[in-house]
Amino acid sequence: MSPVVDFISGGQVALIVLGIVLVFLVAKGVRIVPQGEQWTVERFGRYVTTLEPGLGLINPLFSRIGRKINMMENVLDIPEQDVITQDNASCTVDAIVFYQVIDPRRAAYEVRDLEQAVVNLALTNIRSVLGSTALDSALSSRDEMNNQILRVMDEATDPWGTKITRVEIKDIAPPKDLLDAMASQMKAEREKRAEILEAEGYRAAAIQRAEGDKQSQILKAEGELVAAQRQAEARERLAQAEAEATRLVAEAIGSTGTNAVNYFVAQKYVEALTAFAQSPNQKTVFMPLEAASLIGSIGGIKELLNSVSGDGPPPVSRTPARS
18 MSPVVDFISG GQVALIVLGI VLVFLVAKGV RIVPQGEQWT VERFGRYVTT LEPGLGLINP
78 LFSRIGRKIN MMENVLDIPE QDVITQDNAS CTVDAIVFYQ VIDPRRAAYE VRDLEQAVVN
138 LALTNIRSVL GSTALDSALS SRDEMNNQIL RVMDEATDPW GTKITRVEIK DIAPPKDLLD
198 AMASQMKAER EKRAEILEAE GYRAAAIQRA EGDKQSQILK AEGELVAAQR QAEARERLAQ
258 AEAEATRLVA EAIGSTGTNA VNYFVAQKYV EALTAFAQSP NQKTVFMPLE AASLIGSIGG
318 IKELLNSVSG DGPPPVSRTP ARS
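Here our numbering runs 17 ahead of the position in the sequence shown, where the first position is 1.
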């Protein structure tokens with residue numbers, strides 16, 4: 018019985034060893050790939066296939082896992098570097114690059130170190146783009162430089178199965194003395210703009226005042242012209258009225274009009290003397306030398322009326338008395 022027992026014991030040992038080997042092979046052949054990653058499978062050192070996220074099986078005897086590729090979008094911090102711009106201004110530049118692996122096979126076998134390759138490519142292109150741009154343009158047109166670097170890097174990384182999704186220049190830092198000069202220049206430019214705006218304001222105000230004075234003078238002249246025209250019309254109408262009255266009186270008197278004119282002159286003369294005598298500022302009235310003419314005019318008017326009516330006595334000629 019002892020040999021049988023020894024045989025059974027040896028068979029059990031063999032089964033145990035076989036079970037252990039099977040468990041080891043299964044453990045080597047079953048792979049669980051996490052989400053966001055893809056693994057390459059190599060057989061005898063050559064690429065065979067790619068395992069997608071989830072449960073995957075490989076040949077545990079002849080195959081192995083090659084590279085574990087991160088398929089998510091990655092961020093690379095580009096280290097600072099000193100760059101000389103087109104106008105020979107030295108500045109310090111740092112940036113960040115966003116990239117994503119599109120083809121895991123090419124990312125694993127077309128480039129040795131993908132991250133280092135992307136970093137070096139970004140450093141080179143940043144230096145190239147800023148070297149062909151003036152400092153003022155670099156500070157004011159960052160988006161254009163980002164797009165230009167993005168296009169160049171994306172084209173360069175396409176054989177690696179990688180896509181550059183975004184490039185951002187974080188900071189462009191000129192030296193302190195250059196910053197002080199730029200600040201002085203900006204201050205002078207702002208003062209210049211302020212003076213220009215102030216001068217334009219004064220100019221506009223002067224133009225407005227001159228325009229207002231011009232319009233005022235035009236309106237004043239137009240008003241004076243209208244007033245003069247109205248006064249001339251009034252004098253013309255008054256003269257016409259007086260001429261018409263004179264004509265009517267002359268017709269009524271039946272003469273040629275000379276006596277009628279004398280009548281109106283005497284009437285105006287009497288009215289003027291009456292107003293002068295009634296003035297509160299005058300207490301003494303001196304008759305002018307032409308008073309005899311006034312009395313003569315009145316006498317002429319009386320004789321004129323008597324001759325028209327025919328009732329009065331005929332005029333008597335007076336001769337001066339002889340001494």
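Glycine included, every Cβ here is placed at the ideal spot set by N, Cα and C.
Query - DSSP-derived helix/strand/coil call for residue 143 - result: helix
Query raised in the report: Based on the DSSP secondary-structure assignment, which residues constitute the bridge partners of residue 344?
Result: A question about residue 344 goes unanswered here, because the residues of the chain that appear run from 18 up to 340.
Query raised in the report: Does the Cβ-Cβ distance between residue 70 and residue 54 come in under 8 angstroms?
Result: yes
Query raised in the report: In this structure, does DSSP put residue 19 in helix, strand or coil?
Result: In this prediction, residue 19 scores a pLDDT of 48, lower than 50, which makes its location untrustworthy; the coordinate-derived value is nonetheless stated afterwards. In this structure, residue 19 counts as helix in the three-state DSSP scheme.
Requested in this report: Put residue 41 into one of helix, strand or coil per three-state DSSP.
Outcome: helix
Query - Contact belief for residue 152 with residue 102 at Cβ below 8 angstroms, rounded distance in angstroms - result: 5 angstroms
Report task. State the Cα-Cα distance for the pair residue 256 and residue 264, rounded to the nearest angstrom. Result -> 12 angstroms
Query raised in the report: Under three-state DSSP, which class holds residue 121?
Result: helix
Query raised in the report: Is DSSP giving residue 361 helix, strand or coil here?
Result: Beyond the ends of the chain as shown, which are 18 and 340, falls residue 361; an answer cannot be given.
Query raised in the report: Thinking C-beta only, is residue 95 closer than 8 angstroms to residue 140?
Result: yes
Report task. Please state if the CB of residue 86 and the CB of residue 51 are separated by a distance shorter than 8 angstroms. Result -> no
Query raised in the report: Mapping DSSP to helix, strand and coil, what is residue 306?
Result: With a pLDDT of 46 at residue 306, under the threshold of 50, the predicted position of this residue should be treated as unreliable, though the coordinate-derived value follows. If DSSP states are grouped into helix, strand and coil, residue 306 belongs with coil.
Query raised in the report: Mapping DSSP to helix, strand and coil, what is residue 66?
Result: strand
Query raised in the report: Run through DSSP, which three-state label would residue 185 get?
Result: strand
Query raised in the report: Going by C-alpha distance, which of 138, 189, 40 and 221 is nearest residue 172?
Result: 138
Query raised in the report: Is the Cβ of residue 203 closer than 8 angstroms to any Cβ of chain E?
Result: No chain E is part of this structure, which consists of one protein chain only.
Query - As assigned by DSSP and simplified to three states, the class of residue 178 - result: coil
Requested in this report: Report yes or no: do three or more beta-carbon pairs, one from the stretch 98-113 and one from the stretch 185-205, lie closer than 8 angstroms?
Outcome: yes
**Report entry** Local conformation of residue 75 per DSSP, three classes
**Finding:** coil
Report task. Quick one: using the 10 Å Cβ neighbour count with 16 as the cut-off for buried, is residue 131 buried or exposed? Result -> buried
Query - Cβ shell of residue 195 (< 7 angstroms), same chain only, five flanking positions each side left out - result: 106
Query - residue 112 (DSSP reduced to helix, strand or coil) - result: strand
Requested in this report: Report all residues from its chain with a CB closer than 8 angstroms to the CB of residue 49; omit the five preceding and five following residues, and keep chain order.
Outcome: 71, 72 and 73
Query raised in the report: Which class does residue 47 belong to by DSSP, given the choice of helix, strand or coil?
Result: strand
Query raised in the report: Is residue 58 closer than 8 angstroms to residue 75 when the C-beta atoms are compared?
Result: yes
Query raised in the report: Thinking C-beta only, is residue 144 closer than 8 angstroms to residue 100?
Result: yes
Query raised in the report: Taking the C-alpha atoms as reference points, what is the distance between residue 61 and residue 157?
Result: 55 angstroms
Query raised in the report: Name the DSSP bridge partner or partners of residue 93?
Result: 114
Requested in this report: Give the straight-line distance between the Cα atoms of residue 207 and residue 240, rounded to the nearest whole angstrom.
Outcome: 49 angstroms
Query - Option nearest residue 168 by Cα separation, candidates 128, 199 and 116 - result: 116
Query raised in the report: What residue does the alpha helix (DSSP H) around residue 153 start on, and which one ends it?
Result: 152-157
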